[in-house]
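In the numbering used here, the protein residues as written are 8 to 259.
In this text, a Cβ means the ideal position worked out from N, Cα and C, and glycines have one as well.
The structure appears below as C-alpha coordinates.
Following this line, the structure appears as C-alpha coordinates:
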(Lines of atoms letter the chains of each structure in order from A and count residues from 1; the text may use other names and numbers.)
(Lines give C-alpha, C1' and ligand atoms only; values in the text may rest on other atoms or scores of the structure.)
Protein backbone atom coordinates (compact mmCIF):
# COMPACT_ATOMS: atom_id res chain seq x y z
CA UNK A 1 0.00 0.00 0.00
CA UNK A 2 0.99 3.58 -0.69
CA UNK A 3 -0.64 6.13 1.64
CA UNK A 4 -0.54 9.86 0.80
CA UNK A 5 -2.18 12.75 2.65
CA UNK A 6 -3.31 15.61 0.40
CA UNK A 7 -4.12 19.07 1.76
CA UNK A 8 -6.94 21.35 0.54
CA UNK A 9 -4.33 23.28 -1.48
CA UNK A 10 -3.13 20.08 -3.19
CA UNK A 11 0.14 19.64 -1.28
CA UNK A 12 1.03 15.96 -0.96
CA UNK A 13 2.90 14.21 1.86
CA UNK A 14 3.78 10.55 1.54
CA UNK A 15 2.89 8.68 4.72
CA UNK A 16 3.98 5.17 3.80
CA UNK A 17 5.00 3.29 0.67
CA UNK A 18 5.32 -0.49 0.33
CA UNK A 19 5.94 -1.12 4.02
CA UNK A 20 4.73 -3.95 6.22
CA UNK A 21 6.97 -6.87 5.43
CA UNK A 22 4.28 -8.76 3.50
CA UNK A 23 1.85 -8.83 6.44
CA UNK A 24 -1.72 -7.56 6.28
CA UNK A 25 -3.40 -4.37 7.44
CA UNK A 26 -2.65 -0.93 8.80
CA UNK A 27 -4.18 -1.34 12.24
CA UNK A 28 -6.38 -4.07 13.68
CA UNK A 29 -9.65 -4.26 11.72
CA UNK A 30 -11.16 -6.89 14.02
CA UNK A 31 -11.24 -4.47 16.99
CA UNK A 32 -14.88 -3.35 17.02
CA UNK A 33 -14.38 0.18 18.40
CA UNK A 34 -11.54 1.06 15.97
CA UNK A 35 -9.10 1.27 18.89
CA UNK A 36 -6.41 -0.63 17.00
CA UNK A 37 -5.51 2.24 14.71
CA UNK A 38 -2.18 3.40 13.23
CA UNK A 39 -0.77 6.77 14.27
CA UNK A 40 1.37 8.97 12.03
CA UNK A 41 2.85 11.90 13.98
CA UNK A 42 5.02 14.87 13.03
CA UNK A 43 6.92 14.51 16.32
CA UNK A 44 7.61 10.77 16.13
CA UNK A 45 11.13 9.43 15.61
CA UNK A 46 10.00 5.84 14.90
CA UNK A 47 10.28 5.47 11.10
CA UNK A 48 7.54 3.62 9.29
CA UNK A 49 10.02 2.71 6.58
CA UNK A 50 10.90 -0.93 7.18
CA UNK A 51 8.35 -1.44 9.98
CA UNK A 52 6.04 -4.45 10.12
CA UNK A 53 2.26 -4.56 9.86
CA UNK A 54 -0.12 -3.91 11.52
CA UNK A 55 1.91 -0.88 12.77
CA UNK A 56 0.23 -0.62 16.19
CA UNK A 57 3.34 -0.60 18.41
CA UNK A 58 3.68 3.21 18.60
CA UNK A 59 3.31 6.49 16.74
CA UNK A 60 5.20 6.41 13.45
CA UNK A 61 7.24 8.99 11.59
CA UNK A 62 5.85 9.15 8.05
CA UNK A 63 8.18 8.87 5.07
CA UNK A 64 7.77 12.61 4.42
CA UNK A 65 7.33 15.07 7.27
CA UNK A 66 3.84 16.34 8.09
CA UNK A 67 5.54 19.65 8.92
CA UNK A 68 5.75 20.26 5.18
CA UNK A 69 2.12 21.39 5.41
CA UNK A 70 3.29 24.41 7.45
CA UNK A 71 4.18 26.30 4.30
CA UNK A 72 2.22 29.51 4.85
CA UNK A 73 -0.26 28.45 2.16
CA UNK A 74 -1.95 25.30 3.40
CA UNK A 75 -4.99 25.94 5.63
CA UNK A 76 -6.34 23.47 8.15
CA UNK A 77 -9.91 24.19 7.07
CA UNK A 78 -11.05 22.49 3.90
CA UNK A 79 -11.23 19.05 2.39
CA UNK A 80 -8.28 16.77 3.12
CA UNK A 81 -7.82 13.59 1.13
CA UNK A 82 -6.19 10.31 2.12
CA UNK A 83 -5.04 8.64 -1.09
CA UNK A 84 -4.65 4.86 -0.81
CA UNK A 85 -3.02 2.95 -3.66
CA UNK A 86 -2.76 -0.84 -3.55
CA UNK A 87 -0.20 -1.67 -6.22
CA UNK A 88 -0.22 -5.44 -5.61
CA UNK A 89 -2.30 -7.47 -8.11
CA UNK A 90 -5.57 -9.03 -6.92
CA UNK A 91 -5.40 -7.40 -3.47
CA UNK A 92 -8.57 -5.80 -2.09
CA UNK A 93 -9.28 -3.86 1.08
CA UNK A 94 -11.45 -1.25 2.77
CA UNK A 95 -10.85 1.90 4.80
CA UNK A 96 -12.68 1.61 8.12
CA UNK A 97 -11.48 4.61 10.13
CA UNK A 98 -9.42 7.77 9.67
CA UNK A 99 -9.06 10.92 11.76
CA UNK A 100 -6.93 14.04 11.29
CA UNK A 101 -5.80 15.99 14.38
CA UNK A 102 -4.23 19.47 14.33
CA UNK A 103 -2.03 20.88 17.09
CA UNK A 104 -1.10 24.56 17.46
CA UNK A 105 2.63 25.29 17.41
CA UNK A 106 4.14 28.47 18.83
CA UNK A 107 7.49 27.72 17.14
CA UNK A 108 7.69 25.59 14.02
CA UNK A 109 10.28 22.80 14.40
CA UNK A 110 12.93 22.05 11.85
CA UNK A 111 12.68 18.73 10.05
CA UNK A 112 14.48 16.36 7.68
CA UNK A 113 17.99 16.85 9.13
CA UNK A 114 20.55 15.13 6.93
CA UNK A 115 24.29 14.51 6.92
CA UNK A 116 25.82 15.71 3.64
CA UNK A 117 29.45 14.84 4.28
CA UNK A 118 31.93 13.75 6.95
CA UNK A 119 35.66 14.06 7.47
CA UNK A 120 37.94 13.66 10.50
CA UNK A 121 36.73 16.74 12.39
CA UNK A 122 33.67 18.06 10.53
CA UNK A 123 30.10 16.96 9.76
CA UNK A 124 28.20 18.89 7.06
CA UNK A 125 24.46 19.19 7.72
CA UNK A 126 21.31 20.45 6.07
CA UNK A 127 17.67 20.62 7.16
CA UNK A 128 14.27 22.01 6.26
CA UNK A 129 12.97 24.67 6.15
CA UNK A 130 16.13 26.31 4.85
CA UNK A 131 15.09 29.92 5.49
CA UNK A 132 16.44 30.29 9.04
CA UNK A 133 19.42 32.52 8.24
CA UNK A 134 19.57 34.74 11.33
CA UNK A 135 21.62 32.47 13.57
CA UNK A 136 18.66 31.19 15.58
CA UNK A 137 19.24 27.50 14.82
CA UNK A 138 20.69 25.62 17.79
CA UNK A 139 22.78 22.55 16.97
CA UNK A 140 23.49 20.26 19.91
CA UNK A 141 25.82 17.29 19.54
CA UNK A 142 27.14 14.65 21.88
CA UNK A 143 27.68 10.93 22.37
CA UNK A 144 24.95 8.49 21.29
CA UNK A 145 22.07 8.41 23.77
CA UNK A 146 22.65 11.83 25.37
CA UNK A 147 19.65 13.99 26.37
CA UNK A 148 19.52 17.33 24.49
CA UNK A 149 18.39 20.62 25.97
CA UNK A 150 15.16 22.43 25.15
CA UNK A 151 16.32 26.05 24.81
CA UNK A 152 19.56 27.88 23.97
CA UNK A 153 21.46 26.00 26.67
CA UNK A 154 23.00 22.58 26.27
CA UNK A 155 21.49 19.50 27.83
CA UNK A 156 23.93 16.61 27.84
CA UNK A 157 25.82 17.76 24.75
CA UNK A 158 27.58 20.79 23.27
CA UNK A 159 25.69 23.68 21.66
CA UNK A 160 26.68 25.76 18.64
CA UNK A 161 24.58 28.26 16.71
CA UNK A 162 23.98 27.96 12.98
CA UNK A 163 22.57 30.08 10.19
CA UNK A 164 21.44 28.88 6.75
CA UNK A 165 22.03 25.29 5.72
CA UNK A 166 24.27 23.72 4.66
CA UNK A 167 26.19 24.09 7.91
CA UNK A 168 29.60 22.67 8.83
CA UNK A 169 29.79 21.38 12.38
CA UNK A 170 33.52 21.55 13.04
CA UNK A 171 35.96 20.93 15.87
CA UNK A 172 34.89 17.31 16.37
CA UNK A 173 37.10 14.45 17.50
CA UNK A 174 38.24 11.93 14.91
CA UNK A 175 36.88 8.38 14.78
CA UNK A 176 34.02 9.27 17.14
CA UNK A 177 30.28 8.53 17.06
CA UNK A 178 27.94 11.51 17.48
CA UNK A 179 24.23 12.19 17.75
CA UNK A 180 23.11 15.60 16.53
CA UNK A 181 19.86 17.46 17.33
CA UNK A 182 18.56 20.74 15.92
CA UNK A 183 16.04 23.21 17.31
CA UNK A 184 15.28 26.83 16.59
CA UNK A 185 14.26 30.01 18.36
CA UNK A 186 11.23 31.97 17.15
CA UNK A 187 11.57 35.68 18.06
CA UNK A 188 7.91 36.37 17.21
CA UNK A 189 6.64 34.08 19.97
CA UNK A 190 9.80 34.11 22.14
CA UNK A 191 9.67 30.32 22.20
CA UNK A 192 11.95 27.47 21.23
CA UNK A 193 10.87 24.65 18.95
CA UNK A 194 11.03 20.99 19.82
CA UNK A 195 14.20 19.14 18.87
CA UNK A 196 14.43 17.26 15.62
CA UNK A 197 14.94 13.53 15.64
CA UNK A 198 18.66 12.84 16.03
CA UNK A 199 20.95 12.25 13.10
CA UNK A 200 23.96 10.03 13.65
CA UNK A 201 27.46 10.39 12.24
CA UNK A 202 30.88 8.90 12.81
CA UNK A 203 33.88 11.06 11.99
CA UNK A 204 36.80 9.67 10.00
CA UNK A 205 40.34 9.07 11.14
CA UNK A 206 42.69 12.02 11.54
CA UNK A 207 45.62 12.10 9.10
CA UNK A 208 49.09 11.68 10.61
CA UNK A 209 51.20 14.81 11.14
CA UNK A 210 53.63 15.77 8.35
CA UNK A 211 57.04 14.13 8.54
CA UNK A 212 58.84 16.85 6.56
CA UNK A 213 58.10 20.57 6.33
CA UNK A 214 60.10 22.65 3.85
CA UNK A 215 59.56 26.29 2.84
CA UNK A 216 62.83 26.72 0.84
CA UNK A 217 63.45 30.05 2.60
CA UNK A 218 67.03 29.05 3.38
CA UNK A 219 67.92 28.27 -0.23
CA UNK A 220 70.06 30.60 -2.32
CA UNK A 221 68.07 32.35 -5.05
CA UNK A 222 68.62 30.98 -8.56
CA UNK A 223 68.28 32.84 -11.85
CA UNK A 224 64.75 32.56 -13.31
CA UNK A 225 66.01 31.17 -16.62
CA UNK A 226 64.87 27.87 -18.10
CA UNK A 227 67.68 25.36 -18.21
CA UNK A 228 69.77 27.23 -15.65
CA UNK A 229 71.11 24.83 -12.97
CA UNK A 230 69.78 25.42 -9.46
CA UNK A 231 71.65 23.37 -6.84
CA UNK A 232 69.29 23.03 -3.85
CA UNK A 233 71.03 22.19 -0.57
CA UNK A 234 68.09 21.29 1.69
CA UNK A 235 65.98 18.12 2.01
CA UNK A 236 64.87 18.35 -1.62
CA UNK A 237 67.45 18.17 -4.40
CA UNK A 238 67.46 18.62 -8.15
CA UNK A 239 68.63 15.61 -10.15
CA UNK A 240 71.49 16.19 -12.55
CA UNK A 241 71.08 15.49 -16.26
CA UNK A 242 67.28 15.36 -16.53
CA UNK A 243 66.83 18.72 -18.35
CA UNK A 244 64.50 20.05 -15.66
CA UNK A 245 65.20 21.80 -12.33
CA UNK A 246 63.03 23.46 -9.73
CA UNK A 247 64.18 27.05 -9.31
CA UNK A 248 64.40 28.75 -5.91
CA UNK A 249 63.45 32.33 -6.72
CA UNK A 250 60.77 34.40 -4.90
CA UNK A 251 57.13 34.42 -3.92
CA UNK A 252 54.99 32.24 -1.69
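The three-state reading of DSSP puts residue 22 in strand, counting E and B together. Taking a contact as a CB-CB distance under 8 angstroms, the pair residue 167 and residue 179 does not count as one, their CB atoms being some 11 angstroms apart. A residue is called buried once 16 or more other Cβ atoms fall within 10 Å of its Cβ, and residue 192 is buried on that count.
For residue 256, the CB contacts under 7 angstroms within the same chain, skipping 5 residues up- and downstream, are 228, 229 and 231 in chain order. When the five nearest sequence neighbours on each side are left out, the beta carbons in the same chain lying within less than 6 angstroms of the beta carbon of residue 207 are those of 186, in order along the chain. Per DSSP, reduced to three states, the secondary structure at residue 75 is helical. Leaving aside the five residues that flank residue 33 on each side, the residues in its chain whose CB is nearer than 6 angstroms to its CB run, in chain order, 45 and 62. Boundaries cannot be given for residue 44, as no beta strand (DSSP E) includes it and DSSP labels it neither H nor E.
Taken through DSSP and simplified to helix, strand or coil, residue 9 comes out as strand. Bounds of the beta strand (DSSP E) holding residue 175 are 174-176. Taking C-beta atoms under 8 angstroms as the contact rule, residue 118 and residue 72 qualify, at a distance of about 4 angstroms.
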